[in-house]
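Since the structure comes first, as structure tokens, the remarks are kept for the end.
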């Protein structure tokens, strides 16, 4: 977990960027990312040189040649700020007219997954003074530890949401973690996010594996699967591609598969490829029919991206593959033919397992839309029997634009690590422990254990498939939840009139007494 001192260091870097003239949060993140990568390149070169000295021979291809020493972090960080700035901005004639920044774009696959998505990168730090301040501070960051450097980057990414802009790219990390805990990534899983943004879902899945199944890494075949095939993402925005590539790399995933493309386009023909999909697709977008891959329109003929993504996820899943997907509430109860057809597909032809209704404040400050999480398995032969509904009313943060934490960090961590122990303490503040505990019961259910989920007046209950079919496949929790109204007993009209007369009589007597006093 990131400490207060490290947070202060990142806060200072962020503030230096802003006071130095870079006010767009995404630009700050990008420039920070490029500098982190340059330091990593030099760290790798130092490691290669150490190996060569120990063995007496060079076994790895060097990243920098001797002539390119000036372009290395360990060299330019000690230069005068103006000299350093020139190395970044002015092509060096004696080095084939490349700058420090240009060099990292020429590495190709030799520089790892990140360099494949860096072609459009632009150096935007405006002054030598700002560059020097940021370089000196990054040089002090503990980037040799996988957990620490990953947490540092995540904390920097969190600044996007704090700035109140570009938040559409950042799903709340505790919601992501809850979804990962519920889907329980398996050793052989191939995991995908078809709208990966900053790769939060993939990072959370990786962290889950490290925390719960560190023993898996003892096997060479798993390590190879983890590094090359396990994590996959699709993202249309080039800036997000670079940020997600760096996020994954800093969390220890050296060669994830990232595809720079619109997941819904004709060029995306991925089918039956993944065993677990975690996603928060874009809401309220619309595409023309000719922009959408035709097989998706066969499932649900619509221009709405939130419906098309559900059809896409079903196509991309292997048979038996699982999915956890955040959708806007309109998907659950929309009355159009497209809305009904995708819900019918999930209920009749696949296995819909759960619908978690989340409060509208979860995505504030940049969106106030109510959302839900759908959990389903691709079967192509049905299997939906009962669907578990949960009415989530609190997520551990205030539901206004400030999104202040309602629990201590220690208690919030226990919501995931030991949910049973803090149920009373978090009551009314966070439903995540209850959700995880109830889900564990549902997932390993017997008929006897399911008897506790029949009361529809509670937050957590099961609904038979027949009821959902009878309600035209409506999946909104309000359709099934029963509300108990407290009976209010009013006085009879005759009693109320008598009381009014008594009050009026006292009033008239008081006036008469006042008149006598005045006389």
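In this note's numbering, the protein residues as written are 1 to 519. From the three backbone atoms N, C-alpha and C, an ideal C-beta is built for every residue, glycine too. No experiment lies behind these values; they were computed from the predicted model shown.
Enclosing alpha helix (DSSP H) for residue i [first to last residue]
i, result
"residue 250", "238-250"
"residue 337", "337-344"
"residue 132", "128-139"
"residue 521", "Absent from the structure is residue 521, since the part of the chain shown begins at 1 and ends at 519."
"residue 176", "173-183"
"residue 74", "73-76"
"residue 381", "Unbroken run through residue 381: none, as it is neither H nor E."
"residue 212", "200-212"
"residue 222", "220-228"
Residue i - containing beta strand (DSSP E), residue span
i, result
"residue 232", "231-235"
"residue 324", "317-328"
"residue 372", "371-377"
"residue 276", "274-279"
"residue 63", "Here residue 63 belongs to no beta strand (DSSP E), and DSSP marks it neither H nor E."
"residue 193", "191-193"
Proximity winner among the options, relative to residue i (alpha-carbon distances)
i, options, result
"residue 330", "350, 372, 348 and 309", "372"
"residue 129", "85, 156 and 152", "85"
"residue 308", "379, 319, 114 and 282", "282"
"residue 160", "32, 415, 55 and 490", "32"
"residue 260", "394, 346, 239 and 251", "239"
"residue 400", "368, 412 and 200", "368"
"residue 119", "131, 493 and 102", "102"
"residue 354", "374, 155 and 414", "374"
"residue 456", "473, 484, 55 and 445", "484"
"residue 73", "100, 224, 243 and 514", "100"
"residue 218", "193, 187, 194 and 245", "187"
"residue 458", "277, 185 and 431", "431"
"residue 12", "195, 135, 170 and 377", "135"
"residue 420", "403, 440, 454 and 263", "440"
"residue 460", "500, 505 and 358", "358"
"residue 204", "155, 427 and 177", "177"
"residue 2", "379, 156, 344 and 507", "156"
"residue 319", "501, 277, 511 and 296", "277"
"residue 68", "486, 87 and 208", "87"
"residue 36", "236, 70 and 249", "249"
"residue 65", "34, 56, 349 and 107", "107"
"residue 174", "462, 403, 492 and 424", "403"
"residue 5", "137, 124, 49 and 70", "137"
Beta bridge counterpart(s) of residue i as assigned by DSSP
i, result
"residue 16", "Answer by DSSP bridge pairing: none, since residue 16 is not bridged."
"residue 388", "354 and 462"
"residue 258", "233"
"residue 31", "Paired residues: none, contrary to the question."
"residue 405", "397"
"residue 98", "92"
"residue 430", "395"
For residue j and residue i, believed in contact at Cβ under 8 Å, the rounded distance
i, j, result
"residue 202", "residue 222", "No, residue 202 and residue 222 are not in contact; Cβ-Cβ is about 17 Å, not under 8 Å."
"residue 190", "residue 275", "5 Å"
"residue 416", "residue 396", "Between residue 396 and residue 416 the Cβ distance is about 11 Å, and since that is not below 8 Å, they are no contact."
"residue 340", "residue 472", "7 Å"
"residue 63", "residue 44", "6 Å"
"residue 195", "residue 251", "Contact doesn't hold; Cβ gap of about 19 Å is too wide."
"residue 264", "residue 233", "The Cβ separation is near 15 Å, so there is no contact."
"residue 151", "residue 77", "Between residue 77 and residue 151 the Cβ distance is about 23 Å, and since that is not below 8 Å, they are no contact."
"residue 16", "residue 81", "The Cβ separation is near 13 Å, so there is no contact."
"residue 338", "residue 313", "Contact flag wrong, Cβ pair sits at about 16 Å."
"residue 271", "residue 315", "5 Å"
Cutoff 9 Å: residue i Cβ touching any chain B Cβ
i, result
"residue 434", "Chain labels in this structure do not include chain B; a single protein chain is all it has."
- request: State whether the stretch 400-419 contacts the stretch 474-484, with contact taken as three or more CB pairs (one from each stretch) at a distance under 8 Å.
  value: No, the stretch 400-419 is not in contact with the stretch 474-484.
message: I'd like to know if the stretch 382-402 and the stretch 314-333 are in contact, where contact means that at least 3 CB-CB pairs between them fall below 8 Å.
response: no
- request: Decide if the stretch 39-46 is in contact with the stretch 138-146; the criterion is three or more beta carbon pairs, one per stretch, under 8 Å apart.
  value: yes
task: Could you say if the stretch 173-184 and the stretch 436-443 meet the contact criterion of at least three C-beta pairs nearer than 8 Å?
output: yes
field: Contact between the stretch 14-29 and the stretch 90-100 (3+ Cβ pairs under 8 Å)
entry: Segments in contact, no.
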